[in-house]
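Visitor:
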Amino acid sequence: MTTTGGTVLATAQGFTIYWFAPDSATKSVCSGQCAVFWPPLLGKPTVASGVSLTGKWGTITRADGKTQATYDGHPLYLYKADTSAGVDMGNGINASGGLWWAMTPTGAKLSAVPNPGSSTSSGSGSGGYGY
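In my numbering, each residue's number is its place in the sequence shown (first place is 1) plus 43.
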């Protein structure tokens, strides 16, 4: 999916996927109230047919025993304020003890200025990455 900041990974429904800077490749530190606003992307990730990504998908086990999807060693999340597909309101936000970034196919950070929600989706309405 393409936003005003660049290309980001998205769910099959077109919602931007995020990562949290304080997390490690094996542990999510976002729980409790943090996970209310930044719901973990649970389950094993899959990629839509025809999409080629350079990063590696994986999973970790959260403290509550649930399986959380990862990309290039970053546990993945959604953002509650992204109320429609094609927006990345959480990009560059400093909240819950650290910075949040929209996940790009290469892992590079988008602009540090949070997107005001004026992004648009490109390609099919599915968001392209098929999680």
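For each residue, glycine too, the CB sits at the ideal point set by N, CA and C.
If you measure between the beta carbons of residue 78 and residue 141, is that distance less than 8 Å?
Guide: Residue mapping note: residue 78 aligns to position 35 of the sequence shown, counting from 1. Residue mapping note: residue 141 aligns to position 98 of the sequence shown, counting from 1. Contact: no.
Visitor: Cutting at 7 Å between CB atoms, please list the residues of its own chain near residue 150, excluding the five before and the five after it.
Guide: Along the sequence shown, one-based indexing puts residue 150 at 107. These residues qualify, in order along the chain: 98, 115.
Visitor: Terminal residues of the continuous alpha helix (DSSP H) containing residue 80?
Guide: For the purposes of this step, residue 80 is identified with residue 37 of the sequence shown, where counting begins at 1. Start and end: 76-80.
Visitor: Report the option in 146, 92, 129, 135 whose CA atom is closest to the CA atom of residue 112.
Guide: Counting from 1 along the sequence shown, the entry for residue 112 is found at position 69. Checked all of 146, 92, 129, 135; the closest Cα to residue 112 is 146.
Visitor: In chain order, what residues of the same chain have a beta carbon less than 6 Å from the beta carbon of residue 133, not counting five sequence neighbours either side?
Guide: Position 90 of the sequence shown, counted from the start, is the residue given in the question as residue 133. Here the set comprises 61, 122, 143.
Visitor: Can you tell me whether residue 88 is buried or exposed, with buried defined as 16 or more other CB within 10 angstroms of its CB?
Guide: Position 45 of the sequence shown, counted from the start, is the residue given in the question as residue 88. Counting Cβ neighbours within 10 Å, residue 88 comes out buried, since at least 16 surround it.
Visitor: Hey, residue 48 and residue 153 are a contact pair by Cβ (cut 8 Å); roughly how many whole angstroms apart?
Guide: Position 5 of the sequence shown, counting from 1, holds the residue named residue 48. Position 110 of the sequence shown, counting from 1, holds the residue named residue 153. Indeed, because the Cβ distance is near 4 Å, the residues count as touching under 8 Å.
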